[in-house]
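To start, the structure under review is shown below, and the notes come after it.
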Amino acid sequence: MHPALHCLVGFPWSRLRQEDFPPRIVEHPSDLIVSKGEPATLNCKAEGRPPPTVEWYKDGERVETDRDNPRSHRMLLPSGSLFFLRIVHGRRSKPDDGSYVCVARNYLGQAISHNASLEVASKCWAHC
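Here the sequence shown is numbered in full-length UniProt numbering, starting from 1 and rising by one per residue.
Right under this line is the structure:
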């Protein structure tokens, strides 16, 4: 047998695979002030192996996104960021303003981002 081939065949394949590791947040969301009806994005990016799943929580409650309800105005982007098609602030529906965190999970654990507040600008604040 050729020496190089013997070396390749004898190499333990498990060492070629990088080790799994728990999630960590590499981009935290920032506070936002947005006008009602405008789009907005809360950024979140996480690393881990296997790649973590990301969920968002507002004031301690899980945020419903388009993955839960296709008619939702909130979309969970492939990066893990939360995109709002339009900011909702009114009596008829649950308002979007509040304190948000993203949580990244895989089988080795979870990572929680810093808090980010989303505030809806009043008309006076935006134009006075």
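Where is the CB? At the ideal position from N, CA and C, for every residue including glycine.
Classify residue i as helix, strand or coil using the three-state DSSP reduction.
i: glycine 98; result: strand
i: glutamate 19; result: coil
i: alanine 121; result: strand
In chain order, what residues of the same chain lie with their CB nearer than 6 Å to the CB of residue i, ignoring the 5 residues before and after it?
i: proline 52; result: Pro23, Ala46, Ala104, Arg105 and Asn106
i: lysine 36; result: Ile87, His89 and Val120
i: leucine 32; result: Ala40 and Leu118
i: leucine 77; result: Phe83
Determine, using beta carbons only, whether residue i and residue j come nearer to each other than 8 Å.
i: cysteine 102; j: valine 54; result: yes
i: isoleucine 25; j: alanine 116; result: no
i: residue 142; j: phenylalanine 84; result: Coverage of the chain is limited to positions 1 through 128, which leaves residue 142 absent and any answer about it impossible.
i: glutamate 64; j: arginine 74; result: yes
Return the Cβ separation of residue i and residue j in integer angstroms, given the expectation that the two are a contact with Cβ distance under 8 Å.
i: arginine 49; j: phenylalanine 21; result: 5 Å
i: cysteine 44; j: serine 81; result: 6 Å
Got a sec? Which residues, its chain only, sit under 7 Å from residue i by beta carbon, not counting five neighbours each side?
i: aspartate 97; result: His89, Leu118, Glu119 and Val120
message = Quick check for students: name the residue ranges of the beta strand (DSSP E) that lie wholly in the UniProt domain "Ig-like" (23 to 119), counting only runs of 3 or more.
response = 32 to 35, 40 to 42, 45 to 49, 53 to 58, 74 to 76, 82 to 84, 98 to 106 and 109 to 112
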